[in-house]
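Novice: Residue numbering for the sequence shown is 775 to 1000, as defined by our numbering.
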Amino acid sequence: MNEEQIQVYTLNKLQMYDECPQKYKLCYIDKVHVIENIQKLKASKSGTNLHNIINSYLKGMDVQKLVAALNPNEKLLWHNFKNSELKNMHCLESEYTFNLKLDNYWLTGRIDALFENSGSYIILDWKTGEKFNPEQVKFQTTFYLLCMYEILKAKNYIENTTQLSLYYMDLAANSCVKIHFDDDLYIKYKNQILEIINKINNSKNLFCNKTDKCKLCKYYRVCPYY
Ligand code: SF4
């Protein structure tokens, strides 16, 4: 590889390799394009609408007309957002895109929002779909906490890991899953991310991780292992 070539790793790229190296190969090396299931597309459009309204609201814009145009289910999610515990916290960033250097690699990503509350910093992620399960976003948790800790530490906003946490706001269930950070998790998450990057760079055999979840994989129909 050209030494001057910058290697950039996104959440999606690292997560996909972690889930299944074969899936990573189909997406990023073979560049296979598959069309998402129509129901999933509809749900994701609805989630995007709400994310956009929340983002505009947090940026201080008038969203009344946008809220009035939401369907009843979306209005309920909006109501749950407006009445959550966040109303007492200070929003520092909304739809925040970040880039940071971790050892010799660049990581890039975007969080929904960053809040501050009495000297602690909270990464916010809105979940608008049904049946949110934090186990399914474990890698996202790893990526967000590690990256935002490095960024906030570099900016001298925080001094220790315990000042950072990640909240998943499940708007459909009107509940919040709070994930706390500490020194042990910092070491674990950093090693985990660097290990995946090393595997991506050194792996010649992009094997499959056949699991019972393969039928839910969007590459199932084109996967050579089936
Ligand atoms: S169907 Fe299974 S083995 Fe094939 S790419 Fe998807 S997750 Fe990997």
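Virtual Cβ for every residue (Gly too), placed ideally from N, Cα, C.
Taking all protein chains shown into account, do 16 or more other C-beta atoms lie within 10 angstroms of the C-beta of F917, making it buried, or fewer, making it exposed?
Specialist: As a position in the sequence shown, residue 917 is number 143, starting the count at 1. Buried.
Novice: Less than 9 Å between the C-beta atoms of P795 and K989, yes or no?
Specialist: Locating residue 795 in the sequence shown gives position 21, counting from the first residue. Locating residue 989 in the sequence shown gives position 215, counting from the first residue. Result no, Cβ atoms of P795 and K989 do not sit closer than 9 Å.
Novice: So I896 and I885 are supposed to be a Cβ contact under 8 Å. How far apart are they, rounded?
Specialist: On the sequence shown, residue 896 is found 122 positions in, with the first residue counted as 1. On the sequence shown, residue 885 is found 111 positions in, with the first residue counted as 1. With 8 Å as the limit, I896 and I885 do not qualify as a contact, their Cβ atoms being about 10 Å apart.
Novice: Which stretch, first to last residue, makes up the alpha helix (DSSP H) that contains M922?
Specialist: Taking the sequence shown and counting its residues from 1, one reaches residue 922 at position 148. Per DSSP, M922 belongs to the alpha helix (DSSP H) from 912–928.
Novice: Flag this pair as touching only if the stretch 914–931 and the stretch 832–842 have three or more C-beta atom pairs under 8 Å; answer yes or no.
Specialist: No, the stretch 914–931 is not in contact with the stretch 832–842.
Novice: Should W900 be labelled buried (16 or more other beta-carbon atoms within 10 Å of its own) or exposed?
Specialist: Position 126 of the sequence shown, counted from the first residue, corresponds to residue 900. Flag for W900 reads buried.
Novice: Can you find a heavy atom of the ligand SF4 that lies under 8 Å from the Cβ of K978?
Specialist: Within the sequence shown, the letter at position 204 stands for residue 978. Not under cutoff, so the answer is no.
Novice: Excluding the 5 residues flanking K992 on each side, which residues of the same chain have their C-beta closer than 7 Å to its C-beta?
Specialist: Working through the sequence shown from its first residue, we reach residue 992 at position 218. Counting only Cβ-Cβ distances below 7 Å, and skipping sequence neighbours, we find V808, E810.
Novice: Does the beta-carbon of G883 have 16 or more other beta-carbons within 10 angstroms, so that it is buried, or is it exposed?
Specialist: Locating residue 883 in the sequence shown gives position 109, where the first residue counts as 1. Buried, by the Cβ-count rule.
Novice: CB of C865 to nearest heavy atom of the ligand SF4: below 8 Å?
Specialist: Within the sequence shown, the letter at position 91 stands for residue 865. No, the Cβ of C865 stays beyond 8 Å of every heavy atom of the ligand SF4.
Novice: What is the residue span of the alpha helix (DSSP H) that F855 lies within?
Specialist: For the purposes of this step, residue 855 is identified with residue 81 of the sequence shown, where counting begins at 1. Segment 846–856, the alpha helix (DSSP H) holding F855.
Novice: Give me every residue whose Cβ sits closer than 7 Å to any heavy atom of the ligand SF4, in chain order.
Specialist: Per the Cβ criterion, the list is E793, C794, Q796, K797, L800, C982, N983, K984, T985, K987, C988, C991, Y993, Y994, C997, Y999, Y1000.
Novice: Counting along the chain, where does the alpha helix (DSSP H) carrying K790 start and finish?
Specialist: If you number the sequence shown from 1, residue 790 lands on position 16. The sequence given here places Met at residue 790; Lys does not occur at that position. Here the alpha helix (DSSP H) through M790 covers 785–793.
Novice: Output the distance between the C-alpha atoms of P908 and E890, rounded to the nearest integer angstrom.
Specialist: Here residue 908 corresponds to residue number 134 of the sequence shown, with the count starting at 1. Here residue 890 corresponds to residue number 116 of the sequence shown, with the count starting at 1. Computed Cα separation, rounded: 22 Å.
Novice: First and last residue of the beta strand (DSSP E) that includes I897?
Specialist: Within the sequence shown, numbered from 1, the residue matching residue 897 stands at position 123. Run containing I897: 894–901, per the beta strand (DSSP E) assignment.
Novice: What would DSSP say about Y993, mapped onto helix, strand or coil?
Specialist: Taking the first residue of the sequence shown as 1, we reach residue 993 at position 219. Of the three classes helix, strand and coil, the one that applies to Y993 here is coil, per DSSP.
Novice: Exposed or buried, V911, counting other C-beta atoms within 10 Å across all chains shown (16 or more means buried)?
Specialist: As a position in the sequence shown, residue 911 is number 137, starting the count at 1. Buried.
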